[in-house]
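Asker: One structure, as structure tokens, below. Some questions next.
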Amino acid sequence: MLTGRRVLIVEDEGLLALDLEFALIDAGATVMGPVIQVDEGLTLMATETGPIDAAILDLDLRGQPSYPLADCLIERGVPFVFHTGHGREADLRARYGTDIQVFAKPSRIEGVIAALAELIANRS
1 MLTGRRVLIV EDEGLLALDL EFALIDAGAT VMGPVIQVDE GLTLMATETG
51 PIDAAILDLD LRGQPSYPLA DCLIERGVPF VFHTGHGREA DLRARYGTDI
101 QVFAKPSRIE GVIAALAELI ANRS
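According to the UniProt record's numbering, the sequence shown is numbered sequentially starting from 1.
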């Protein structure tokens, strides 16, 4: 489903990040991260030489919103989904448009991966 794709995980909950990582690997993706802080994610994106094909973003990273990461991904044309437990879907849609994909935690990881695959396919 994601064979050969590089997917960035931005998630500060360790067990959930591992679940996402294993599921992405099972789907054939190469995982970047997990990134647990906004600054770490921005540094990774600034220094990474290979493409980022898609990303999964937690909204709240140790008290900081991941908006700067989302904005950077948008500037680069990288599709992403939000995976959040903070239930701020209306805020996210107001900021990023009604097409943004938001998954509330807990969610089925298979659904998140399927959404990423669809976003990548639609971008190509």
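All residues carry an ideal CB built from backbone N, CA and C; glycine is no exception.
Could you check what DSSP says for ILE109 in three-state terms: helix, strand or coil?
Answerer: helix
Asker: Where TYR67 and PRO79 are concerned, what is the direct C-alpha to C-alpha distance, given to the nearest angstrom?
Answerer: 14 Å
Asker: Indicate whether ILE113 and LEU2 have their beta-carbon atoms separated by less than 9 Å.
Answerer: yes
Asker: My assumption, with CB atoms under 8 Å, is that ASP58 sits in contact with ASP12. Please give the rounded CB distance.
Answerer: 6 Å
Asker: Name, in chain order, the residues that DSSP records as bridge partners for ALA90.
Answerer: As DSSP reads the structure, ALA90 sits in no beta bridge.
Asker: Run through DSSP, which three-state label would VAL78 get?
Answerer: coil
Asker: Where does the unbroken beta strand (DSSP E) through residue 125 begin, and where does it stop?
Answerer: Because the chain in this structure spans residues 1 to 124, residue 125 falls outside the shown range and cannot be described.
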